[in-house]
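**Q** For the sequence shown, this note's numbering assigns the number 10 to the initial residue and increments by one for each residue that follows. The C-beta atom is built at its ideal place from N, Cα and C for all residues, glycine as well.
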Amino acid sequence: MAPLRLLQVGLGPHGRNWARQVVPQIEEVELVAYVDKDPYALDALREESKVAPALCFESLKEAIAATQPEAVLNTTALAAHVPLTTAALDAGLHVLVEKPFAPSVALAEQLVEAARVRGVVLMVSQNYRYFPAPRAIATMVHESALGRLFEISIDFRRYSTAGPNGRGRHHLEEQPLLVDMSIHHFDLLRLILSREPHRIFCEAWNPEWTSFSGPSVAVASIVFEGGVVVSYRGSWISAAPVTPWAGEWRMEFENGEVTWTSAADSDSTQDNVVVRPRGGEPRTVALTPMQRTGGFGTLTEFAAAIRAGREPETSGRHNLGTMALMEAAVESASRREPVTIRRTGEITGVINAI
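#1: Around the Cβ of residue 173, are there at least 16 other Cβ atoms within 10 angstroms (buried) or fewer (exposed)?
#2: Could you give the residue range of the beta strand (DSSP E) that holds residue 286?
#3: Label residue 10 either buried or exposed according to how many other C-beta atoms from any shown protein chain fall within 10 Å of its C-beta, with 16 as the threshold for buried.
#4: Determine the contact status of residue 340 and residue 113, defining contact as a CB-CB distance below 8 Å.
#5: Three Cβ pairs or more, each shorter than 8 Å: is that satisfied between the stretch 153-161 and the stretch 230-238?
#6: Look at residue 142 and residue 280 and say whether their C-beta atoms are less than 8 Å apart.
#7: In three-state DSSP terms, what is residue 26?
#8: Taking the straight line between their C-alpha atoms, what separation do you get for residue 211 and residue 348?
#9: Can you give the beta carbon distance from residue 12 to residue 39, rounded, assuming they're within the 8 Å contact cut?
#10: Can you tell which of 22, 344, 16 has the C-alpha that lies nearest to the C-alpha of residue 178?
#11: DSSP three-state label for residue 244, please.
#12: Return the chain-ordered list of same chain residues with a C-beta closer than 7 Å to the C-beta of residue 333, the five sequence neighbours on each side being excluded.
#13: To the nearest angstrom, how far is it from the Cα of residue 257 to the Cα of residue 331?
#14: Which of the three DSSP states is assigned to residue 350 in this structure?
#15: Going by C-alpha to C-alpha distance, which of 37, 67, 134, 36 sits closest to residue 51?
#16: Just the Cα atoms here: how many angstroms apart are residue 167 and residue 324?
#17: Since residue 262 sits in a beta bridge, which residues does DSSP pair it with?
#18: Leaving aside the five residues before and after residue 244 along the sequence, list all residues of the same chain whose C-beta is less than 6 Å from its C-beta, in chain order.
#19: Give the range of the beta strand (DSSP E) segment to which residue 17 is assigned.
#20: Residue 198: which of 249, 252, 328 sits nearest, CA to CA?
#21: Let me check understanding here. Comparing Cα to Cα, which of 107, 96, 190, 288 lies closest to residue 86?
#22: State the DSSP-derived secondary structure class of residue 132, mapped to helix, strand or coil.
#23: So what does DSSP say about residue 360, is it helix, strand or coil?
#24: Beta-carbon separation of residue 291 and residue 273 under 8 Å?
#25: Identify which residue in 184, 195, 247, 81 has its Cα closest to the Cα of residue 230.
#26: Closer than 7 Å by C-beta to residue 1: which residues in its own chain qualify, once you throw out the five before and the five after it? Chain order, please.
#27: Looking only at its chain, what residues have a beta carbon closer than 7 Å to the beta carbon of residue 371, apart from the 5 residues adjacent to it on each side?
#28: Which word fits residue 49, buried or exposed, when buried means at least 16 other C-beta atoms lie within 10 angstroms of its C-beta?
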């Protein structure tokens, strides 16, 4: 089968990493055009990746007309997600977009409806799902290997000083932690539990000495359907040892506990799961390797879903539940009171494994 003709829009540092490190490794896709309204971003792409000038465009509309892609990879900043995804959907193209795929649940629902009406795939790149540890944990919870789960603790710690003068793009964001980072952990919770969150109480703040514009630290208590309670702590400014990107997890079951980590700088060999039965000795679980992890996994799933005519695992529809949890966390932190999370008609867990 011929590879999927893919156009990429958004070539800032993160987008260029996709163009340089991820897309060329996936033989199921063929990159036919690169788009960014900033000519300097296109210059940087050509210099770093030796891309032919004929493949570079400053206009999405012109690029679509000139190259006839089947799908769009949207790696722009959040503010451009909705308008550019809408333009691609209106052109009848499938879209894989970075998380969060919209600034609000209401706008996300509009994109989901637009994709449904046009009969195209809208998928969100929730790349932390595509690692061995969370897959193994999801199976363990589903099979009740240690009995009923009742409590989860998650810690995420980094000291972020990336960028000129210690300030990267996310330092300037209104919600650099809850929206830009915690959404990964919220999505993993929905994968693992195959349940939806019911209520959240979140505090988020920013010490005056940091280089962040918005809250860089947050703590939250999240209650899921079935009574599982999650204690979440996240920080961009921690002096403690850094965690892997997926965080450090401790899960309490009626017959034991599980601790695990994942997504250590995209190195799946560092995924680690330790099971300690109640009254027993801890043992490290042998994890099933995944051929493609992280962004490699999301792009593979995107192409496979399109060719098979099925809904991808992290479709826009599926991701509405993750968006709802993220939005409720921000609302709770703003109001400084518990928030009940509204249902969005989403679905949970794993739809199709790659």
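**A** Well, looking at it:
#1: Only weak support exists for where residue 173 lies, its pLDDT of 48 falling under 50; the coordinates are left without a value.
#2: Taken as a continuous stretch (DSSP letters only), the beta strand (DSSP E) holding residue 286 covers 281-286.
#3: Taking every protein chain shown into account, the CB of residue 10 has fewer than 16 other CB atoms within 10 angstroms, so this residue is exposed.
#4: No, the Cβ-Cβ distance between residue 340 and residue 113 is not below 8 Å.
#5: In short, these stretches touch, since the Cβ pair count reaches three.
#6: It is a contact, given that the beta carbons lie within the stated cut-off.
#7: If DSSP states are grouped into helix, strand and coil, residue 26 belongs with the helices.
#8: Roughly 9 Å between the two C-alpha positions.
#9: Confirmed, about 4 Å.
#10: With distances taken between Cα atoms, residue 178 lies closest to 22.
#11: Residue 244: strand per DSSP, three-state reduction.
#12: 114, 350, 351, 353, listed in sequence order.
#13: Cα to Cα, the separation comes out at about 19 Å.
#14: Looking at residue 350 - three-state DSSP - the assignment turns out to be coil, as it is neither helix nor strand.
#15: Out of 37, 67, 134, 36, 67 has the C-alpha closest to the C-alpha of residue 51.
#16: About 29 Å.
#17: Its beta-bridge partners are 158, 265.
#18: Correct list, in chain order: 166, 226.
#19: Element bounds for residue 17: 13-18.
#20: Out of 249, 252, 328, 328 has the C-alpha closest to the C-alpha of residue 198.
#21: Checking every option, the nearest Cα to that of residue 86 belongs to 107.
#22: Residue 132: strand per DSSP, three-state reduction.
#23: Bear in mind that the predicted position of residue 360 carries a pLDDT of just 38, short of 50, making it too unreliable to give a figure here.
#24: Contact: no.
#25: Residue 195 is the option with its Cα nearest to residue 230.
#26: The structure shown has nothing for residue 1, since the chain only spans 10 to 363.
#27: In the structure as shown, the chain starts at 10 and stops at 363, and residue 371 therefore has no counterpart that could be examined.
#28: By the neighbour-count rule (16 or more Cβ atoms within 10 Å), residue 49 is not buried but exposed.
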